[in-house]
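Protein chains in written order, with the numbering used here: chain S, 1 to 263; chain F, 1 to 263; chain B, 1 to 263.
Shown next as structure tokens:
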């Protein structure tokens, strides 16, 4: 249970998370970080991103709805984070289905991100193999993306998380399958992107990076299970998810999730 | 009752809807599509929009909060949609009140959109006549916009929908007045834009285009009536609307709306 | 009680508020204005902003997530507002912590905004002094920002509002401390930005500018107190806040807030 106490640590240390993310997911991502106990800062301009990344606890790079200025800002943020040792996460929204941004993500992988979080099609496209997604949805299973995830771990040194009905989190020498969450999450636009932001928050604690990414997934997934108890549809669920992200304790997370660790 | 079964068809076939839309309405539009049963993809870059539009089931072009890159992307999306025969919808937010974007919308009309959805002032400004809107609100009644809507049908071949207390949907040889909805919808920012996205989703089913646009309005309007039963204000209403968009059946829509068809 | 009746006046006159604001806060800001009884228009392009600002009741300039086009649009909006005598508000998100936008805000101060609303660190950075913020959060107390706020009043002629656990509103010859609100507001991303938009709405009534800014803060704060009664977390609170912004009356605001006026 090495990672479960991190939920309390997040609340106490309030990591500052810089998000360069898509316009659809911005409000939910900021609210997710606030609810969980982190401090969001949506700093995504070329002029400001490098310096800010150097000072932030963690950085999220999400390539949805990119603009030429935000692409430039993402490069700056990676430069600033790398120079300062700030952990940073890539969320490769639409990789595989969209060649232009796929090339961009590939170029960022060379800079060795701390973590990479995506769906099975995105991870497959980046790691080799896969049938390609349909828009931003996955057309592959998490299990199918496992070899690609493993290849990405070897190539980049990152923790690679494949989100799905069960989440797979892989790093050098360790592999975890996590069972948590609720299908209603897939009806909330930006919930996956918000999970990417939460990964950056947990990485901002400066703990083991596999534990950090796992803790983020467990936090988001267990909160979804609580929210699903009272929700009558996707609109009420989104609000209830934020409420649960805020109130949930380490003990509740431990009760709600199951996971299997292989090393 | 030719159009009512389309609600079930939408849920079963999950059309992929590309949205190039304004930053205010992005989250709600994506959530509306997810709740209704469609798959949203907010692909709005110049490099990616044409190819994606060729593969999508339907495309929404909404001109709110435009940038020079998004204008270029909209042109690309129209080009890709036209070449591939993908149905596409224009939502001319602010047309009439804002000359720059009005010129842009006029230029897109020459490309013969599948559908055009706006408020009475926007349709009047584009079709000739009207007193001009106040910002993005309408200063005209739906009835006043009828001649302009008719003129736009003749000029472009599109289905033209004028949203208001009663909605008017006109196409060549057919005119429908629809009574549904709730005034609380006007207090939810982006609800009209989300209706435009829903029109693109229904058009993505490949059915009669008048029926598709009518079905989208009926779905959104009837869901609003259900949401209004429990809502105590605009914030709770927005969440309840998404819940109702998700759960509502064809039979419930049939019970809640009234319409008159003229051909 | 000079300002309390303004809540009813807002509902009756529906001021048209142009918002040039960040992508995170856009949906909530628009919904806040709609709930309160104003009419939002998110017109933020260089081509359209000046003319629109001349016709609007009030203008908000918020420098979060700026782009080069939106910077240009902000300058245009200020030019149009100034020429036409439209009141305008600056919300200097991140000033102090982010040098690039701080310079931009300073240049706008020369154009003499009607009001300036920020947190203690932002106001301190602009007015001289302060320890600097952490991202977009404040690291200073409202009391610490008082001399800087006073200096900004003298330099620009604006009403300066410092938001915090207690709000301080200063103008030439008048100073008001307002006690209202609820800590849950700090967990809703964009709530401060939405308060800036509400200031522009109240200023659009054409009343005394100190009263207008005070009324906006009292409206937002008292609505938060109502929302907190029923909310079980930040997600439900956000929806309940919009509901309360919509329904709250002048009399309820008077019951919920306390304030001290010095002149």
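Idealized CB from N, CA, C, for every residue including glycine. Keep in mind that this is a model prediction, so the values were computed, not measured.
Coarse secondary structure for residue i, derived from DSSP in three states
i	result
residue 156/S	helix
residue 75/B	helix
residue 102/B	helix
residue 217/F	helix
residue 66/B	coil
residue 183/S	helix
residue 90/S	strand
residue 262/B	strand
residue 253/F	helix
residue 123/F	helix
residue 192/S	helix
Beta-carbon spacing of residue i, residue j below 8 Å
i	j	result
residue 6/F	residue 207/F	yes
residue 87/F	residue 105/F	no
residue 17/B	residue 28/B	no
residue 107/B	residue 121/B	no
residue 49/F	residue 77/F	yes
residue 251/S	residue 226/S	no
residue 142/S	residue 175/S	no
residue 178/B	residue 214/B	yes
residue 31/S	residue 65/S	no
residue 80/B	residue 54/B	yes
residue 224/S	residue 184/S	yes
residue 100/F	residue 47/B	yes
residue 58/F	residue 216/F	no
residue 205/B	residue 10/B	yes
residue 152/F	residue 98/F	no
residue 180/S	residue 218/S	yes
residue 149/B	residue 170/B	yes
residue 63/S	residue 26/F	no
residue 246/B	residue 41/B	no
Short CB-CB distance (under 8 Å) between residue i and chain S
i	result
residue 214/F	no
residue 98/B	yes
residue 28/B	yes
residue 166/F	no
residue 102/B	no
residue 201/F	no
residue 246/F	yes
residue 163/B	no
residue 39/F	yes
Residue closest to residue i, alpha-carbon to alpha-carbon, out of the options
i	options	result
residue 238/F	164/F, 21/F, 186/F and 143/F	186/F
residue 73/S	52/S, 84/S and 57/S	52/S
residue 95/S	123/S, 163/S and 232/S	123/S
residue 161/F	89/F, 205/F and 63/F	89/F
residue 190/F	155/F, 234/F and 170/F	234/F
residue 196/S	19/S, 248/S and 181/S	19/S
residue 85/B	103/B, 56/B and 63/B	56/B
residue 164/F	97/F, 221/F and 246/F	221/F
residue 155/S	118/S, 114/S, 182/S and 246/S	114/S
residue 13/F	2/F, 172/F and 203/F	203/F
residue 119/F	83/F, 192/F, 211/F and 247/F	192/F
C-beta neighbour in chain B for residue i, strict 8 Å
i	result
residue 44/F	no
residue 241/S	yes
residue 147/S	no
residue 67/F	yes
residue 137/F	yes
residue 24/F	yes
residue 252/S	no
residue 9/S	no
Proximity test, Cβ basis, 8 Å: residue i and chain F
i	result
residue 64/S	yes
residue 35/B	yes
residue 13/B	no
Listed by chain order, chain C residues near residue i by CB distance under 7 Å
i	result
residue 47/S	The structure shown contains no chain C; its protein chains are S, F and B.
Check: residue i C-beta below 7 Å from any heavy atom of the ligand COA
i	result
residue 72/B	This structure does not include the ligand COA; it has no bound ligands of any sort.
Fill in: Residues from the stretch 224–238 of chain B in contact with chain S, defined by Cβ distance under 9 Å
231, 232, 233, 234, 235, 236, 237 and 238
Discussion item. For the stretch 69–89 of chain S, list every residue whose C-beta sits within 7 Å of some C-beta in chain B, in sequence order.
Written reply: 69
Discussion item. Beta carbons nearer than 9 Å to chain S: which residues of the stretch 176–190 of chain B have them?
Written reply: 186, 187, 188, 189 and 190
Practice prompt. Using a Cβ-Cβ cut-off of less than 8 Å, give me the residues of the stretch 109–128 of chain S that come near chain B, in sequence order.
Written response: Going along the stretch 109–128 of chain S in chain order, one finds no residue with a Cβ nearer than 8 Å to chain B.
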